[in-house]
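A.B. asks: Okay, handing you the structure first.
Number of protein chains: 2
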Amino acid sequence: MGVTKTQVFTDRQNRIADLAKALAHPARVAIIQHLLKVNSCVCGDLVEVLPLAQATVSQHLKELKQIGIIHGEINPPRVCYCINETVWQEAKAIFGDLFETPVSAACCN
Amino acid sequence: MGVTKTQVFTDRQNRIADLAKALAHPARVAIIQHLLKVNSCVCGDLVEVLPLAQATVSQHLKELKQIGIIHGEINPPRVCYCINETVWQEAKAIFGDLFETPVSAACCN
DNA sequence: ATAATCTATCGTATTATTGCAATGAACAAA
DNA sequence: TTTGTTCATTGCAATAATACGATAGATTAT
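So, in structure tokens, the structure goes:
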């Protein structure tokens with residue numbers, strides 16, 4: 087049906103999936119990397135950095151904002167985006183947990 | 087146009103996005119968690135564990151296999167799936183790097 | 001008030017993803 | 001050979017995601 091059956095999975099599984107979705111597009115990876123690197127909270131500079139139209143960049147920013155991984159502060163006429171430390175740490179912890187899970191002995195290695 | 091412009095991003099950014107995509111659906115998260123946990127490399131047991139049809143599970147497995155994060159060994163009449171340690175470590179490292187990037191002082195916190 | 005700047009949103013087109021029933025392929029057991 | 005088991009693939013339908021031009025909204029500068 088093309089719609090993910092989120093209700094049959096755990097909250098944690100859905101959260102992992104949502105946080106992963108934030109990173110599941112190279113443009114959003116580039117946005118996050120740039121926000122991590124640049125000392126000031128660039129805004130429309132992202133449009134310059136990314137080879138995408140302004141509308142497309144704005145849409146990716148909206149998704150990241152919705153997931154919570156970034157937030158923007160209106161500072162007219164610009165909007166100042168930056169990493170949301172809280173959610174960033176949440177993502178770090180959640181992925182850290184996952185990757186630290188010991189891989190059980192496999193039968194087909 | 088609905089198609090990701092992969093060619094304008096770096097290989098690393100695309101790789102991060104691909105690996106994240108593997109985790110960007112709760113069913114695939116559940117599959118990976120189960121493969122990490124279960125000592126034997128379950129195959130169709132995944133269909134029992136997941137509240138999805140066999141065809142759907144097979145499709146998610148195919149995606150995970152394509153990204154490289156799991157691999158399957160035919161062991162008739164079953165197929166034995168397990169985590170691909172190499173790629174798993176690659177993912178661990180790539181996400182570890184990303185999350186260890188120091189967050190620069192933000193202007194809008 | 002007018003113009004310029006920056007960002008968000010709308011509308012639209014295209015492709016990708018999710019899901020499942022049905023079918024097919026491969027093999028083991030009878 | 002026939003049957004049953006297991007998994008992959010196909011075909012279809014519906015929703016999500018990607019991308020961009022055009023436009024609207026908000027604010028500053030002139």
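Protein chains in written order, with my numbering: chain A, 87 to 195; chain B, 87 to 195.
For every residue, glycine included, the Cβ atom is placed at its ideal position computed from N, Cα and C.
These numbers were taken from a predicted model, which means no experiment stands behind them.
What are the start and end residues of the beta strand (DSSP E) that includes glycine 158 of chain B?
C.D. replies: By one-based count along the second sequence, residue 158 of chain B stands at place 72. Where glycine 158 of chain B is concerned, the enclosing beta strand (DSSP E) stretches over 156 to 161.
A.B. asks: Are the region 107 to 124 of chain B and the region 132 to 144 of chain B in contact at 8 Å, needing three or more beta carbon pairs?
C.D. replies: With the cut-off at 8 Å, the region 107 to 124 of chain B and the region 132 to 144 of chain B touch.
A.B. asks: Rounded to a whole number of angstroms, what is the C-alpha to C-alpha distance between methionine 87 of chain B and histidine 146 of chain A?
C.D. replies: For this step, residue 87 of chain B is matched to residue 1 along the second sequence. For this step, residue 146 of chain A is matched to residue 60 along the first sequence. A caution first: methionine 87 of chain B carries a pLDDT of 49, below 50, which makes its placement in the model unreliable, though a value can still be read off. Between methionine 87 of chain B and histidine 146 of chain A, the C-alpha separation is close to 15 Å.
A.B. asks: Give a yes or no on whether 8 Å exceeds the smallest Cβ distance from histidine 146 of chain A to chain B.
C.D. replies: Taking the first residue of the first sequence as position 1, residue 146 of chain A is located at position 60. Chain B, which has no Cβ nearer than 8 Å to the Cβ of histidine 146 of chain A, makes this no.
A.B. asks: Can you give me the C-alpha to C-alpha distance between threonine 92 of chain B and leucine 150 of chain B, rounded to a whole angstrom?
C.D. replies: In the second sequence, the residue the question calls residue 92 of chain B occupies position 6. In the second sequence, the residue the question calls residue 150 of chain B occupies position 64. Looking at the two C-alpha atoms, the distance is approximately 19 Å.
A.B. asks: Nearest to cysteine 129 of chain A by alpha carbon, out of A:Gly182, A:Ile156 and A:Asp104?
C.D. replies: In the first sequence, residue 129 of chain A corresponds to position 43, counting from 1. For cysteine 129 of chain A, the nearest C-alpha among the options comes from A:Ile156.
A.B. asks: How is the alpha helix (DSSP H) around valine 124 of chain B delimited, first residue to last?
C.D. replies: Residue 124 of chain B sits at position 38 when you count from the first residue of the second sequence. Premise fails: valine 124 of chain B is in no alpha helix (DSSP H) and is neither H nor E.
A.B. asks: Residues of chain A with CB closer than 9 Å to the CB of proline 137 of chain B, please, in chain order.
C.D. replies: Reading the second sequence from its first residue, position 51 is the one you call residue 137 of chain B. Neighbours of proline 137 of chain B on chain A, chain order: Lys91, Val94 and Phe95.
A.B. asks: Straight-line CA distance for asparagine 161 of chain B to threonine 187 of chain A?
C.D. replies: The sequence position of residue 161 of chain B within the second sequence is 75, counting from 1. The sequence position of residue 187 of chain A within the first sequence is 101, counting from 1. Spanning the two alpha carbons is a distance of roughly 26 Å.
A.B. asks: Hey, isoleucine 36 of chain B and leucine 109 of chain B: beta-carbon distance below 8 Å or not?
C.D. replies: No statement about residue 36 of chain B is possible, as the shown extent of chain B runs from 87 to 195 and does not include it.
A.B. asks: Quick check on valine 165 of chain B: does DSSP put it in helix, strand or coil?
C.D. replies: Indexing the second sequence from 1 puts residue 165 of chain B at position 79. Three-state DSSP puts valine 165 of chain B in a strand.
A.B. asks: How would you list, in chain order, the residues of chain B whose beta-carbon sits under 7 Å from the beta-carbon of lysine 178 of chain A?
C.D. replies: Your numbering for residue 178 of chain A matches position 92 in the first sequence. Phe185, listed in chain order.
A.B. asks: Have a look at asparagine 195 of chain A and valine 165 of chain A and give me their C-alpha separation to the nearest angstrom.
C.D. replies: As a working note, residue 195 of chain A is residue 109 in the first sequence. As a working note, residue 165 of chain A is residue 79 in the first sequence. Here the model assigns asparagine 195 of chain A a pLDDT of 49, short of 50, so the residue's position is not dependable and the matter cannot be decided.
A.B. asks: Consult DSSP for alanine 191 of chain B and reduce its assignment to one of helix, strand or coil.
C.D. replies: Numbered from 1 along the second sequence, position 105 holds the residue referred to as residue 191 of chain B. Residue state, collapsed to three classes: coil.
A.B. asks: Please name the residue in B:Asp183, B:Glu176 and B:Cys127 whose C-alpha comes closest to that of glutamate 159 of chain B.
C.D. replies: Along the second sequence, one-based indexing puts residue 159 of chain B at 73. Of the candidates B:Asp183, B:Glu176 and B:Cys127, the one whose C-alpha sits nearest the C-alpha of glutamate 159 of chain B is B:Cys127.
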